[in-house]
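These notes are about the structure you will find just below.
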Amino acid sequence: MNSTEIATPEKPNNFIRNIVTEDLKSGKHQSIVTRFPPEPNGYLHIGHAKSICLNFGIARDFAGRCHLRFDDTNPAKEEVEYEDSIRESVKWLGFDWGTNMYYASDYFERLYQFAVRLIEMGLAYVDSLTADEIRSYRGTLSEPGKESPYRNRSVQENLELFQGMRDGKYEDGSLVLRAKIDMASPNINLRDPVIYRIKTVEHHRTGAKWCIYPMYDYAHCLSDSIEGITHSICTLEFEDHRPLYDWVLDVLKVPCHPQQIEFARLNLSYTVMSKRKLLELVQEKLVDGWDDPRMPTLVGLKRRGYTPESIRNFCETIGVGKSDSIIDMSILEDAVREDLNVRAPRAMAVIRPLKVVIESYPEGESEEFEAANHPNDPAMGSRKVPFSRTVYIERDDFQEEPVKGFFRLAPGREVRLRYAYIVKCESVVKDANGEIVEVRCSHDPGSRGGNAPDGRKIKGTIHWVSAAHAVDAEVRLYDRLFSTPNPGGKNEPDYRTSINPNSMEVVKDAKLEPSLSQANLESRFQFERLGYFCLDSRDSKPEALVFNRTATLRDSWTVKK
Ligand code: ATP
Ligand code: MG
């Protein structure tokens with residue numbers, strides 16, 4: 027592509043896209059290569075989605091490519107299970123790395139050879155200080171560091187020791203390779219950073235071949251360079267590491283020197299996003315696995331019923347900036363509501379059923395009403411909803427002694443059963459404890475379809491399900507996993523103490539309109555007045571349906587709590 031044919035992004039610009047646009051215009055790059063470099067030590071979360079949308083989005087919109095690179099330089103923690111789920115989540119989000127899937131571990135030999143070159147140039151040395159000594163020699167933000175007594179070993183000695191490290195001659199922790207930069211640098215990352223350590227641990231891909239492993243700052247810039255990355259986009263905490271990123275590539279005079287660009291990571295209120303904490307939640311069984319629908323993981327959000335579109339839209343809404351902030355959870359929840367409002371067909375379901383017998387309706391008879399699948403989208407068609415003498419309504423759509431402003435069913439009052447008839451409560455049946463177990467009604471046969479023949483006003487309309495036709499289901503209602511905006515933050519001893527004890531409610535005896543028995547794992551519904559629902563991908567079975575509530579219809583948090 028030449029400079030006059032620059033792909034114009036369809037998406038709103040951000041400062042990174044502006045840099046990319048400029049680099050294409052000026053001819054600095056002919057095409058763009060980005061990468062998403064997850065460490066395979068956990069499942070991806072909504073924060074990773076921001077990075078994925080940014081990196082893959084730029085590659086897509088500028089006709090470049092985005093690499094998926096497993097940053098598997100730390101042998102102790104990585105697992106194949108994580109790699110599989112990472113690939114699946116990136117694909118689920120709608121992105122494709124094509125043939126560009128890489129592993130940092132594939133570069134171990136090259137990274138080793140680069141380190142040998144650094145030693146030969148007098149720019150790296152083997153240090154015999156212990157980890158604690160290295161730390162104390164490093165100095166502080168206000169004080170310069172102190173040079174290691176081993177800093178001036180000869181090139182020959184360093185080469186031999188480094189070879190010995192590779193050959194397994196030394197104990198873990200006894201030697202490290204350090205870059206020789208500047209112990210007095212105001213940037214602590216440049217005070218002779220460790221670039222290799224001994225770790226006699228098998229790697230899940232390279233087996234026992236290596237017992238020395240490169241450190242992140244050293245491996246990352248070189249991996250970017252090896253892959254021909256043009257823009258290495260990372261989060262703000264790496265800003266102070268950029269001088270080291272550039273130093274390594276400069277001194278080695280590699281042909282490709284990517285530009286590191288930092289952006290603010292996504293922080294979301296009412297959740298945690300550190301992989302360590304997410305792993306603890308799983309291991310301590312505080313949640314039902316990585317894909318628990320309350321988790322901020324992509325597999326959790328998927329199981330909860332979030333669509334990839336809603337997550338991509340969310341990432342676009344929040345934008346890409348340079349200063350850290352906390353995004354309110356309600357913005358994510360609004361994104362899924364907005365998407366599902368458009369795409370989810372409507373259906374009727376009763377979560378806490380109260381039986382209503384319509385005494386004036388003939389026993390054994392039934393009829394069907396035509397119900398629109400979407401109020402604003404006729405193209406989504408309609409379905410038939412059966413009606414009969416006994417229906418279920420929500421328990422809280424009836425009040426024996428109605429409070430002021432309650433316009434639904436109450437003794438002597440009328441209410442509209444959506445699509446069907448106007449009914450009037452004639453009496454109630456109570457059990458031995460005085461609990462209402464049944465409401466007896468009459469109906470206005472002239473109100474078929476919902477409107478009173480004499481035009482009288484009916485204030486309340488409620489949803490219902492015919493008892494004879496109802497499909498039973500379990501319904502899981504979720505709330506935020508944490509009840510404070512910043513779990514484990516100020517005045518909270520531990521994030522675990524802010525876990526919301528009511529974050530999941532299981533309702534066993536919900537009643538659904540029969541069309542819902544056709545639901546499949548791709549289906550999304552708006553259960554009228556209750557929210558958006560999908561089948562639970564793990565536990566739902568055709569003979570025992572389990573629905574998850576993805577979101578309520580409105581944001582109940584900002585008003586309620
Ligand atoms: P942790 O620090 O919890 O171990 P991580 O950020 O190191 O997680 P990685 O697997 O290294 O996790 O992340 C892969 C990529 O995703 C990195 O490029 C990182 O910058 C990006 N990323 C991770 N978390 C966020 C976030 N909250 N917002 C934006 N990008 C993120
Ligand atoms: Mg990381």
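Reading the sequence shown from the start, the letters are residues 27 to 587 in our numbering. Here a beta-carbon is modelled for each residue, glycine too, at the ideal position from N, C-alpha and C.
### Task
Taking Asn399 and Arg372 to be in contact with their CB atoms under 8 Å, please state how far apart those CB atoms are, rounded to whole angstroms.
Locating residue 399 in the sequence shown gives position 373, counting from the first residue. Locating residue 372 in the sequence shown gives position 346, counting from the first residue. Asn399 to Arg372, Cβ: 6 Å. Contact.
### Query
Thinking C-beta only, is Thr60 closer than 8 Å to Ala85?
As a position in the sequence shown, residue 85 is number 59, starting the count at 1. As a position in the sequence shown, residue 60 is number 34, starting the count at 1. Against a cut-off of 8 Å, the Cβ pair of Thr60 and Ala85 comes out as a contact.
### Task
Have a look at Glu288, Pro519 and Lys117 and flag the residue whose alpha-carbon is nearest the alpha-carbon of Met127.
Taking the first residue of the sequence shown as 1, we reach residue 127 at position 101. It is Lys117 whose Cα lies nearest to the Cα of Met127.
#### Entry: Cβ-based burial, Lys587 [other Cβ within 10 Å; buried from 16]
The residue you call residue 587 lines up with position 561 of the sequence shown. Its pLDDT being 39, under 50, Lys587 is placed unreliably in this model, and the value from its coordinates should be taken loosely. It counts as exposed.
### Check: Arg409 C-beta below 7 Å from any heavy atom of the ligand ATP
Here residue 409 refers to the residue found at position 383 of the sequence shown. Not so, every heavy atom of the ligand ATP lies at least 7 Å from the Cβ.
### Query
Can you find a heavy atom of the ligand ATP that lies under 7 Å from the Cβ of Cys92?
Against the sequence shown, residue 92 aligns to sequence position 66. Checking every heavy atom of the ligand ATP against the Cβ of Cys92, none is found closer than 7 Å.
### Query
Would Glu554 pass as a contact of Arg444 if the rule is Cβ separation under 8 Å?
Taking the first residue of the sequence shown as 1, we reach residue 554 at position 528. Taking the first residue of the sequence shown as 1, we reach residue 444 at position 418. It is a contact, given that the beta carbons lie within the stated cut-off.
### Task
Take the Cβ of Gln552 as the centre, count every other Cβ of all protein chains shown within 10 Å, and call the residue buried at 16 or more, exposed below.
Position 526 of the sequence shown, counted from the start, is the residue given in the question as residue 552. Label assigned to Gln552: buried.
### Task
Thinking Ser174 and Leu155 are a contact (beta carbons under 8 Å), I'd like their distance in whole angstroms, please.
One-based indexing of the sequence shown puts residue 174 at position 148. One-based indexing of the sequence shown puts residue 155 at position 129. Contact flag correct, Cβ pair sits at about 5 Å.
### Query
Where DSSP assigns a beta bridge to Ser453, which residues make up the other side?
Here residue 453 is taken as the residue at index 427 of the sequence shown, counted from 1. BP columns for Ser453 point to Arg466.
### Query
Mind checking whether Ile72 and Leu305 have CB atoms under 8 Å apart?
Mapped onto the sequence shown, residue 72 falls at position 46. Mapped onto the sequence shown, residue 305 falls at position 279. Result no, Cβ atoms of Ile72 and Leu305 do not sit closer than 8 Å.
### Message
Please state the DSSP three-state secondary structure of Ala234.
### Response
For the purposes of this step, residue 234 is identified with residue 208 of the sequence shown, where counting begins at 1. Here Ala234 sits in coil by DSSP.
### Task
Compare the C-beta of Tyr332 against all C-beta atoms of chain B and say whether one is closer than 8 Å.
Among the protein chains of the structure shown there is no chain B, as only one such chain exists.
### Query
Which one of Glu518, Ala577 and Glu65 has the shortest CA to CA distance from Met355?
Here residue 355 is taken as the residue at index 329 of the sequence shown, counted from 1. Checked all of Glu518, Ala577 and Glu65; the closest Cα to Met355 is Ala577.
### Query
What are the partner residues of Gly557, as DSSP defines its beta bridges?
For this step, residue 557 is matched to residue 531 along the sequence shown. Answer is Phe553.
### Message
Let me confirm a value: Arg502 is counted as buried when at least 16 other C-beta atoms fall within 10 Å, else exposed. Which label applies?
### Response
Position 476 of the sequence shown, counted from the start, is the residue given in the question as residue 502. That one is buried.
### Task
Please name the residue or residues paired with Arg95 in a DSSP beta bridge.
Counted from its first residue, the sequence shown places residue 95 at position 69. Paired residue(s): Tyr128.
### Message
Just to check my reading of the structure: Val449 and Val441 have Cβ atoms closer than 8 Å, yes? What is that Cβ distance to the nearest angstrom?
### Response
Walking along the sequence shown from the start, residue 449 turns up at place 423. Walking along the sequence shown from the start, residue 441 turns up at place 415. The pair is a contact, with the Cβ atoms about 6 Å apart (cut-off 8 Å).
### Query
What does a CB cutoff of less than 6 Å around Asp594 pick up in its chain, not counting 5 residues either side in sequence?
Absent from the structure is residue 594, since the part of the chain shown begins at 27 and ends at 587.
### Query
Hey, how far is the Cα of Pro35 from the Cα of Gly83?
For the purposes of this step, residue 35 is taken as the residue at position 9 of the sequence shown. For the purposes of this step, residue 83 is taken as the residue at position 57 of the sequence shown. Residue placement at Pro35 cannot be trusted, given a pLDDT of 43 that sits under 50; the coordinates are not used to answer.
### Task
State the DSSP-derived secondary structure class of Lys303, mapped to helix, strand or coil.
The residue you call residue 303 lines up with position 277 of the sequence shown. Three-state DSSP puts Lys303 in a helix.
### Query
In the region 408 to 461, which residue ranges form an unbroken beta strand (DSSP E) of at least 3 residues, counting only runs that do not cross its ends?
You should have 408 to 414, 416 to 420, 440 to 443 and 448 to 456.
### Task
With hydrogens ignored, establish whether the beta-carbon of Thr523 is closer than 7 Å to any heavy atom of the ligand ATP.
Reading the sequence shown from its first residue, position 497 is the one you call residue 523. Thr523: no, Cβ never under 7 Å from the ligand ATP.
### For Cys79, the nearest candidate out of Gln56, Gly120 and Glu183 (CA to CA)
As a working mapping, residue 79 is identified with position 53 in the sequence shown. A check of alpha carbon separations from Cys79 across Gln56, Gly120 and Glu183 identifies Gly120 as the nearest.
### Cβ-Cβ separation, Thr416 to Ala607 (assumed contact under 8 Å), whole Å
What is shown of the chain runs 27 to 587, which leaves residue 607 out entirely.
#### Entry: Beta-carbon contacts of Ser295 that lie in its chain and below 6 Å, excluding the five residues immediately before and after
Looking up residue 295 in the sequence shown gives position 269. Closer than 6 Å at the Cβ level, and outside the excluded window around Ser295, lie Ile352, Asp354, Met355 and Pro511.
### Query
Excluding five sequence neighbours on each side, which residues of the same chain lie with their C-beta closer than 7 Å to the C-beta of Asn28?
Taking the first residue of the sequence shown as 1, we reach residue 28 at position 2. With a pLDDT of 38 at Asn28, under the threshold of 50, the predicted position of this residue should be treated as unreliable, though the coordinate-derived value follows. So no residue of the chain qualifies.
### Task
Apply the 10 Å Cβ neighbour rule to Glu146 and answer buried if 16 or more other Cβ atoms are within range, or exposed otherwise.
As a working mapping, residue 146 is identified with position 120 in the sequence shown. When all chains shown are included, Glu146 counts as exposed.
### Query
Shortest alpha-carbon distance to Tyr129 belongs to which of Asn215, His229, Ser115 and Lys483?
Taking the sequence shown and counting its residues from 1, the one referred to as residue 129 is at position 103. Of Asn215, His229, Ser115 and Lys483, the residue nearest in Cα terms is His229.
### Task
Could you spell out where the beta strand (DSSP E) holding Ala257 opens and where it closes?
Start at 1 with the first residue of the sequence shown, and residue 257 comes out as number 231. Sequence check: residue 257 is His here, not Ala. Counting along the chain, the beta strand (DSSP E) containing His257 begins and ends at His257 to Thr261.
### Query
Do you know offhand how far Leu307's Cα is from Val382's?
As a working mapping, residue 307 is identified with position 281 in the sequence shown. As a working mapping, residue 382 is identified with position 356 in the sequence shown. In a straight line, the C-alpha of Leu307 is about 43 Å away from that of Val382.
### Task
Give a yes or no on contact between the region 529 to 545 and the region 480 to 493, applying the rule of three or more CB pairs nearer than 8 Å.
Taking 8 Å as the limit for Cβ pairs, the verdict is that the region 480 to 493 does touch the region 529 to 545.
### Message
Using only the alpha-carbon positions, how far apart do Glu394 and Met321 sit?
### Response
Position 368 of the sequence shown holds residue 394. Position 295 of the sequence shown holds residue 321. C-alpha separation (whole angstroms): 41 Å.
### Query
Looking at C-beta atoms only, is the number of pairs between the region 253 to 261 and the region 284 to 303 that lie closer than 8 Å three or more?
Touching, yes, given that three or more Cβ pairs across the two stretches are closer than 8 Å.
### Query
First and last residue of the beta strand (DSSP E) that includes Pro334?
In the sequence shown, residue 334 corresponds to position 308, counting from 1. Not the beta strand (DSSP E): Pro334 falls in the alpha helix (DSSP H), residues Pro334 to Ile344.
#### Entry: DSSP-derived helix/strand/coil call for Gln56
Sequence index remark: in the sequence shown, residue 56 carries index 30 (1-based). Three-state result, Gln56: coil.
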